[in-house]
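Visitor: Before we start, here is the structure in question, set down as structure tokens.
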Amino acid sequence: MKNRLWETNFWEAELSNAMLQGAELGGADLLKADLRNAVLWKANLRGADLWRANLENAVLMQVNFKDADLRNTNLRHANLREANLQNANLQNANLMKADLQGANLQGAMLQNACLWGANLRNADLTGANLQQTELTGANLQNAVIRQADLWRSNFMNTDLHEADLHGADLTGANLQNALLWKANLRDADLWRADLRNALLYEADLSGAVLIATNFIGVKFQKAKGVTVRQLSEVRTLYNCDFDMKLKARIKSICPHLLERPAVFSVTYPLSSAVM
Numbered sequence: 215m216k217n218r219l220w221e222t223n224f225w226e227a228e229l230s231n232a233m234l235q236g237a238e239l240g241g242a243d244l245l246k247a248d249l250r251n252a253v254l255w256k257a258n259l260r261g262a263d264l265w266r267a268n269l270e271n272a273v274l275m276q277v278n279f280k281d282a283d284l285r286n287t288n289l290r291h292a293n294l295r296e297a298n299l300q301n302a303n304l305q306n307a308n309l310m311k312a313d314l315q316g317a318n319l320q321g322a323m324l325q326n327a328c329l330w331g332a333n334l335r336n337a338d339l340t341g342a343n344l345q346q347t348e349l350t351g352a353n354l355q356n357a358v359i360r361q362a363d364l365w366r367s368n369f370m371n372t373d374l375h376e377a378d379l380h381g382a383d384l385t386g387a388n389l390q391n392a393l394l395w396k397a398n399l400r401d402a403d404l405w406r407a408d409l410r411n412a413l414l415y416e417a418d419l420s421g422a423v424l425i426a427t428n429f430i431g432v433k434f435q436k437a438k439g440v441t442v443r444q445l446s447e448v449r450t451l452y453n454c455d456f457d458m459k460l461k462a463r464i465k466s467i468c469p470h471l472l473e474r475p476a477v478f479s480v481t482y483p484l485s486s487a488v489m
């Protein structure tokens with residue numbers, strides 16, 4: 215039976231609460247299928263078409279979604295622990311409060327997706343596209359986000375403790391109140407990013423681009439690799455906490471950055487996937 219499901223047409227099928235554990239559904243047509251609360255643990259959905267499918271609360275642990283089409287899919291509260299989503303298309307998908315702990319999202323397309331409050335701890339997002347993605351309150355502890363495109367993504371109140379963001383593009387990203395303790399930001403592009411009140415304690419900023427970055431109220435204690443030359447290009451360093459030696463150098467070279475800045479306001483619209 216499992217082999218017969220390969221490339222099967224389930225378009226708009228009613229499969230809520232279905233038990234499909236370990237099913238072979240590679241290349242299957244599941245457009246607009248209703249899979250709410252379904253159990254697909256360890257199922258193979260490689261290359262499957264799940265456009266606008268409803269997988270809310272579904273059990274999808276260790277499922278193979280490699281190269282699958284999950285655009286506009288509803289994955290709210292879904293359990294995707296250790297799922298393989300490599301190169302999957304998740305544009306505009308709703309992953310609000312989904313559990314993606316340890317998931318493989320290398321090269322995944324997540325533009326405009328909603329990951330509000332999602333658990334991405336230890337997930338691998340290397341080279342993923344998260345342009346304008348909603349990640350408010352998400353857990354990205356120890357996540358690997360190297361070389362990812364995070365242009366104008368919203369990381370407000372996000373936990374990025376020890377996350378690896380080496381070479382990531384964070385241009386215009388909202389990182390207000392983000393926890394970046396011990397995060398790896400080597401060679402990251404933070405041009406015009408907003409890091410108001412972020413915690414960068416022991417973070418590595420070696421080679422990071424900080425042009426026009428907003429650092430109001432940032433905690434810089436024990437930050438690594440950060441230089442006065444880098445900081446001289448930021449928008450403001452008002453009310454920041456530094457190690458004494460670094461603060462003294464800033465005062466002597468670019469003291470104006472420590473002064474209260476003009477009104478600074480940026481609007482970050484929520485993803486269209488937020489329901």
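Position in the sequence shown counted from 1, then plus 214, gives you the numbering used here.
Heads up, the beta-carbon is just placed ideally off N, CA and C, and yes, glycines get one too.
#1: For A232, which residues in the same chain have their Cβ closer than 6 Å to its Cβ, ignoring the five residues on either side in sequence?
#2: Going by the DSSP bridge assignment, what does L393 pair with across the sheet?
#3: Buried or exposed for N223, going by 16 or more other Cβ atoms inside 10 Å?
#4: In angstroms, rounded to a whole number, what distance separates the CA positions of L284 and A302?
#5: Taking DSSP's pairing of strands, which residues face T450 in a bridge?
#6: Are the CB atoms of Y415 and G431 nearer to each other than 9 Å?
#7: Please work out which residues of its chain come closer than 8 Å, Cβ to Cβ, to A407, disregarding the five sequence neighbours upstream and downstream, and give them in chain order.
#8: Under 9 Å, Cβ to Cβ, is there at least one residue of chain D near C454?
#9: Tell me the rounded alpha-carbon separation between R449 and E473.
#10: Quick one: grab the DSSP three-state call for K246.
#11: When you compare only the Cα positions, how much space is there between A297 and T441?
#12: When you compare only the Cα positions, how much space is there between G331 and I464?
#13: Would you mind reading off the limits of the alpha helix (DSSP H) that contains R443?
#14: Who does V253 pair with in a DSSP beta bridge?
#15: By the three-class DSSP mapping on this structure, what secondary structure does K461 have?
#16: Please classify R335 as buried or exposed, where buried requires at least 16 other C-beta atoms within 10 Å of its C-beta.
#17: Going along the chain, which residues of its own chain have a beta-carbon closer than 7 Å to the beta-carbon of N356, five neighbours each way excluded?
#18: Do the CB positions of R290 and K256 come within less than 9 Å of each other?
#19: How many whole angstroms separate the CB atoms of R360 and A327, which I take to be in contact at a CB cut-off of 8 Å?
#20: For S367, count neighbouring C-beta atoms within 10 Å of its own C-beta (all shown protein chains included) and say buried if the count is 16 or more, exposed if not.
#21: With a Cβ-Cβ cutoff of 9 Å, do L413 and L393 count as a contact?
#22: Can N333 and A362 be called in contact, C-beta distance under 9 Å?
Guide: Taking the geometry as given:
#1: The sequence position of residue 232 within the sequence shown is 18, counting from 1. Excluding residues within five positions, the ones whose Cβ falls inside 6 Å are A252.
#2: Here residue 393 corresponds to residue number 179 of the sequence shown, with the count starting at 1. Bridge partners of L393: D373, L413.
#3: Here residue 223 is taken as the residue at index 9 of the sequence shown, counted from 1. N223 is exposed by the Cβ-count criterion.
#4: Counting from one through the sequence shown, the residue named residue 284 turns up at place 70. Counting from one through the sequence shown, the residue named residue 302 turns up at place 88. Taking the straight line joining both Cα atoms gives about 7 Å.
#5: For the purposes of this step, residue 450 is identified with residue 236 of the sequence shown, where counting begins at 1. Per DSSP, N428.
#6: For the purposes of this step, residue 415 is identified with residue 201 of the sequence shown, where counting begins at 1. For the purposes of this step, residue 431 is identified with residue 217 of the sequence shown, where counting begins at 1. Cβ atoms of Y415 and G431: not closer than 9 Å.
#7: Indexing the sequence shown from 1 puts residue 407 at position 193. Excluding sequence neighbours, A407 sits near L384, T385, G386, A387, N388, L389, T427, N428.
#8: Looking at the structure shown, chain D is missing, and only one protein chain is on hand.
#9: As a working note, residue 449 is residue 235 in the sequence shown. As a working note, residue 473 is residue 259 in the sequence shown. C-alpha separation (whole angstroms): 11 Å.
#10: Residue 246 sits at position 32 when you count from the first residue of the sequence shown. DSSP places K246 in coil when its eight states are reduced to three.
#11: Start at 1 with the first residue of the sequence shown, and residue 297 comes out as number 83. Start at 1 with the first residue of the sequence shown, and residue 441 comes out as number 227. Spanning the two alpha carbons is a distance of roughly 40 Å.
#12: Position 117 of the sequence shown holds residue 331. Position 250 of the sequence shown holds residue 464. Computed Cα separation, rounded: 37 Å.
#13: Walking along the sequence shown from the start, residue 443 turns up at place 229. From DSSP, the alpha helix (DSSP H) with R443 extends over 442-445.
#14: Locating residue 253 in the sequence shown gives position 39, counting from the first residue. V253 is bridged to M233, V273.
#15: In the sequence shown, counting from the first residue as 1, residue 461 sits at position 247. Three-state DSSP puts K461 in a helix.
#16: One-based indexing of the sequence shown puts residue 335 at position 121. Looking at its Cβ environment, which holds 16 or more other Cβ atoms inside 10 Å, R335 is buried.
#17: In the sequence shown, the residue the question calls residue 356 occupies position 142. Answer for N356: R335, N336, E376, A377, listed in chain order.
#18: Reading the sequence shown from its first residue, position 76 is the one you call residue 290. Reading the sequence shown from its first residue, position 42 is the one you call residue 256. Result no, Cβ atoms of R290 and K256 do not sit closer than 9 Å.
#19: Position 146 of the sequence shown, counted from the first residue, corresponds to residue 360. Position 113 of the sequence shown, counted from the first residue, corresponds to residue 327. For R360 against A327, the beta-carbon gap comes to about 19 Å, at or over 8 Å, which does not count as contact.
#20: Counting from one through the sequence shown, the residue named residue 367 turns up at place 153. It counts as buried.
#21: In the sequence shown, residue 413 corresponds to position 199, counting from 1. In the sequence shown, residue 393 corresponds to position 179, counting from 1. The answer is yes: Cβ separation under 9 Å.
#22: Within the sequence shown, the letter at position 119 stands for residue 333. Within the sequence shown, the letter at position 148 stands for residue 362. 9 Å or more divides the Cβ of N333 from the Cβ of A362.
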